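Participant:
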Amino acid sequence: MERTLLCEIVTPERIVYTNEVRMVVAPTIDGEIGILPLHAPLVSALDPGEIRVMHGDDKVEWFAIAGGYIQVHEDKVIILADQAEAASQIDVERAKQALEHTKRLMAELPHEAESEIDQCEADLKWCEMQIKVAEKGH
Amino acid sequence: MPNLRDIKNRIGSVESTRQITRTMEMVATAKIKRAQEKIESARPYALSMMEVLGNVARYAKGAEHPLLEEHPHRLRVVVIAVTSDRGLAGAFNSNILRMTENVIRDETAEGVKVDVIAVGKKAAGYFKYRGIEPIATYRDISDKPTFVDAKSIAAHVIEAYAQEEIDAVYVVFNRFRSVAEQRPEIHQLLPIERRVVEEAAEGSDVRAEYTFEPDAKSVLRRLLPTYVETLVFRALMESAASEHGARRTAMKSATDNASDMIVTLSRSYNRARQAAITNEIAEIVGGAAALEE
Numbered sequence: 001m002e003r004t005l006l007c008e009i010v011t012p013e014r015i016v017y018t019n020e021v022r023m024v025v026a027p028t029i030d031g032e033i034g035i036l037p038l039h040a041p042l043v044s045a046l047d048p049g050e051i052r053v054m055h056g057d058d059k060v061e062w063f064a065i066a067g068g069y070i071q072v073h074e075d076k077v078i079i080l081a082d083q084a085e086a087a088s089q090i091d092v093e094r095a096k097q098a099l100e101h102t103k104r105l106m107a108e109l110p111h112e113a114e115s116e117i118d119q120c121e122a123d124l125k126w127c128e129m130q131i132k133v134a135e136k137g138h
Numbered sequence: 139m140p141n142l143r144d145i146k147n148r149i150g151s152v153e154s155t156r157q158i159t160r161t162m163e164m165v166a167t168a169k170i171k172r173a174q175e176k177i178e179s180a181r182p183y184a185l186s187m188m189e190v191l192g193n194v195a196r197y198a199k200g201a202e203h204p205l206l207e208e209h210p211h212r213l214r215v216v217v218i219a220v221t222s223d224r225g226l227a228g229a230f231n232s233n234i235l236r237m238t239e240n241v242i243r244d245e246t247a248e249g250v251k252v253d254v255i256a257v258g259k260k261a262a263g264y265f266k267y268r269g270i271e272p273i274a275t276y277r278d279i280s281d282k283p284t285f286v287d288a289k290s291i292a293a294h295v296i297e298a299y300a301q302e303e304i305d306a307v308y309v310v311f312n313r314f315r316s317v318a319e320q321r322p323e324i325h326q327l328l329p330i331e332r333r334v335v336e337e338a339a340e341g342s343d344v345r346a347e348y349t350f351e352p353d354a355k356s357v358l359r360r361l362l363p364t365y366v367e368t369l370v371f372r373a374l375m376e377s378a379a380s381e382h383g384a385r386r387t388a389m390k391s392a393t394d395n396a397s398d399m400i401v402t403l404s405r406s407y408n409r410a411r412q413a414a415i416t417n418e419i420a421e422i423v424g425g426a427a428a429l430e431e
């Protein structure tokens, strides 16, 4: 029996994914890393990006995440994401609409509303990420 | 003697009110369940977060972080008041507003300037009426709070605290203890109490030799703001569940009161009807007797 990893992707709102997998690829702030079973204990911050989960039969699942953390310990990978969505669950139409909406919103904001602008930029990134991952993952 | 038709109208109006309160009670009951499930599904993240925080804190021992730092002076504090958008929930909102009001009074007495972040239309309306301008107002999120909302609220205070523009942040919200019990509570959001971090560190597995990317201190620097965001999110979710709980209780007693009222009114109605009939018979008998003579 091949050794596997328990991969868990959780957001503050729900558990997005939990399964036994062969490999997890995650976007840390120092670049992408691949995690296989027997990996040394690790904690790292993640950039917004894509997570790839590979199964024994070479099937790959894609997820979009909006930044977060990863912890690897004893063949258990926990990914704490602000937001996360499986590629198969991403509604591209809706993401595109949200993208347009946020762009319009941002254009109307005054320059001094820094926190709102930051928020909008994060939203934009997240929408773009979802669209990108949805296209790649299918 | 009250008019028969008046009583009949009263009964009709109380009955339709009861219909409304009963429906609201049922809606609230259904919503409590959903809100409770949301709190439950946030637990795995919170637990994992504490685990990661513990591991990081163990390696970054003694690390300084602006969010852990208590300021030597206390000039400005921020209170986040979490209320609902809708009323008819008993003392739900007034408890929060009173508690916030107390904090404002006590702090002001010590020469501290207090700013308010109003969550929910009730808080927004109240502070406007009191002539206090909230530094931020959030409407239409109290029913279904999202983490994005929590992030946005936290963003107002995290940066300001790190820059020492404000010296403490509190959140006032209704804690959901059970379907029948909600309690207004005040929690300190910032500075993050060192105890929390230390306890998390004690719980971490000391046998594991972790590597950190880029390093423990940088991860901690990013993790602590996220921790604050989850605390805000938690408060929003607790408040949402409490709101439905409070509304259910309020509507249940309104429904019960309406039922009692209908019983009393029906009794007066029957008594009045009886009196009218007796009166009529007496008149008929009187009339017949007059004819016989």
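Protein chains in written order, with this note's numbering: chain A, 1 to 138; chain B, 139 to 431.
By construction, the Cβ of each residue, glycine as well, lies at the ideal position given by its N, Cα and C atoms.
The structure presented is a predicted model; accordingly, all values stated were derived computationally and were not measured.
(1) Would you mind stating whether Leu42 of chain A and Thr364 of chain B have Cβ atoms separated by less than 8 Å?
(2) DSSP state of Ile145 of chain B, grouped into three classes?
(3) Per DSSP, Thr110 of chain B forms a beta bridge with which residues?
(4) Return the residue from the list B:Ile304, B:Val190, B:Ser179, B:Lys146 that minimises the CA-CA distance to Glu340 of chain B.
(5) What would DSSP say about Pro48 of chain A, mapped onto helix, strand or coil?
(6) Please go through the same chain and pick out, in chain order, the residues whose beta-carbon is closer than 7 Å to the beta-carbon of Glu163 of chain B, but skip the five residues on each side of it.
(7) Please list the residues of the region 296-320 of chain B that have a C-beta atom closer than 8 Å to any C-beta atom in chain A, keeping them in chain order.
(8) Taking Cβ positions, are Leu6 of chain A and Val77 of chain A nearer each other than 8 Å?
(9) Pull up the distance between the alpha-carbon of Val254 of chain B and that of Asp244 of chain B, whole angstroms please.
(10) Tell me the DSSP secondary structure of Asp123 of chain A in three-state form.
(11) When you compare the CB of Leu42 of chain A with every CB in chain B, is at least one pair closer than 8 Å?
(12) If you measure from the beta carbon of Ala45 of chain A to each beta carbon in chain B, is any gap under 8 Å?
(13) Is there at least one Cβ from chain B nearer than 8 Å to Leu109 of chain A's Cβ?
(14) Find the residues of chain B that neighbour Asp82 of chain A, judging by a C-beta separation of less than 9 Å, and give them in chain order.
(15) Start and end of the alpha helix (DSSP H) containing Asp287 of chain B?
(16) Compare the C-beta of Arg172 of chain B against all C-beta atoms of chain A and say whether one is closer than 8 Å.
(17) Quick one: what's got a C-beta closer than 7 Å to Arg315 of chain B's C-beta in the same chain, skipping five residues either side?
(18) Helix, strand or coil for Asp253 of chain B, going by three-state DSSP, please let me know.
(19) Interface residues of chain A around Pro352 of chain B at Cβ under 9 Å?
(20) Name the chain A residues that come within less than 7 Å of Arg360 of chain B, Cβ to Cβ?
(21) If you measure from the beta carbon of His73 of chain A to each beta carbon in chain B, is any gap under 8 Å?
(22) DSSP on Ile79 of chain A, reduced to helix/strand/coil?
(23) Between Arg140 of chain A and chain B, is there a C-beta pair that is closer than 8 Å?
Facilitator: A quick look at the data gives this:
(1) no
(2) helix
(3) An answer regarding residue 110 of chain B cannot be provided, because it is not within the stretch 139 to 431 covered by chain B.
(4) B:Val190
(5) strand
(6) Arg386, Met389, Lys390, Thr393
(7) Glu297
(8) yes
(9) 14 Å
(10) helix
(11) yes
(12) yes
(13) no
(14) Phe285, Val286, Lys289, Thr364, Glu367
(15) 285-300
(16) no
(17) Arg321
(18) strand
(19) Thr28, Ile29, Asp30, Ser44, Ala45
(20) Ala45
(21) yes
(22) strand
(23) Coverage of chain A is limited to positions 1 through 138, which leaves residue 140 of chain A absent and any answer about it impossible.
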